[in-house]
Amino acid sequence: MSEGRRSDMAKSSRKRKNSSSALPPKAVKKKVFPVRYVVYGVAVLALIGAGYGFFTSQQVEGAFDALAAAGKGELERVEEFPSEGRTHLAVGSEISYGTHPPTSGPHYLQWINPGFYETLKGWSNLVHSLEHGMIVIYYDRPADEALETLKSWTSLFTGPWSGIVMVRKVGLG
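Throughout, the working numbering is defined as the position within the sequence shown, counted from one, plus 13.
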């Protein structure tokens, strides 16, 4: 090989090396999933959820209205009593109530937790449960089916501010 040709090849080789190092390497372009599709998907799901919630709430409201209309005549039997207060007393204090069973008035500091009870736990404790927003249901000898329904209600509402206390009161009938 001639000297000139070698020199040309060496220059060409250096040129290729220099030119390739002078240019940045080609970046590999990744396919990125556009975030906007996620946002659109979440928005569509939110709209579907809101529509479903509205639809079911309308059904529940309609069922409630029908039941309320059916029981409207029973409301004539509801009695209202004036408040006897809500003073907290020390355990063992003597308490007298104007209604039986009591609906308000002075009571002990301890309330009765939501649930089903076969024995009375104390009037003043039940009054404190009422003060906490609980519903107290008294029963004596309901039919088996009615008793099971009432028991199931006590298991559905067990919160300290929204529970149901069901307690036996002999003599109700």
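The beta-carbon is built from N, C-alpha and C at its ideal position, and this holds for glycine as well.
All values derive from a computational prediction rather than experimental measurement.
Local conformation of residue i per DSSP, three classes
i	result
Ile-61	helix
Leu-169	helix
Phe-129	strand
Tyr-50	helix
Leu-122	coil
Leu-102	strand
Thr-84	Strictly speaking, residue 84 in this sequence is Gly, with Thr absent from that position. DSSP places Gly-84 in coil when its eight states are reduced to three.
Lys-43	coil
Phe-68	helix
Phe-77	helix
Thr-162	helix
Ala-156	coil
Glu-92	coil
Extent of the continuous beta strand (DSSP E) run through residue i
i	result
Val-178	177-181
Exposure label - residue i; buried when at least 16 CB within 10 Å
i	result
His-101	exposed
His-141	buried
Ser-137	buried
Ile-61	exposed
Gly-64	exposed
Val-180	buried
Val-149	buried
Leu-80	exposed
Val-178	buried
Gly-66	exposed
Leu-143	buried
Leu-122	exposed
Gly-176	buried
Leu-88	exposed
Bounding residues of the alpha helix (DSSP H) (the contiguous stretch that carries residue i)
i	result
Val-140	136-144
Bridge partner(s) assigned by DSSP for residue i
i	result
Ser-151	The sequence as given places Tyr at residue 151; Ser does not occur at that position. The partner list for Tyr-151 (beta bridge, DSSP) reads Val-180.
### Query
Hey, is the segment 171-178 in contact with the segment 113-131, meaning 3+ C-beta pairs nearer than 8 Å?
As far as the Cβ criterion goes, the segment 171-178 touches the segment 113-131, which means the pair count is three or higher.
### Message
Below 8 Å, how does it come out for the segment 112-123 and the segment 159-170: are there three or more Cβ pairs, yes or no?
### Response
Not touching, per the Cβ criterion.
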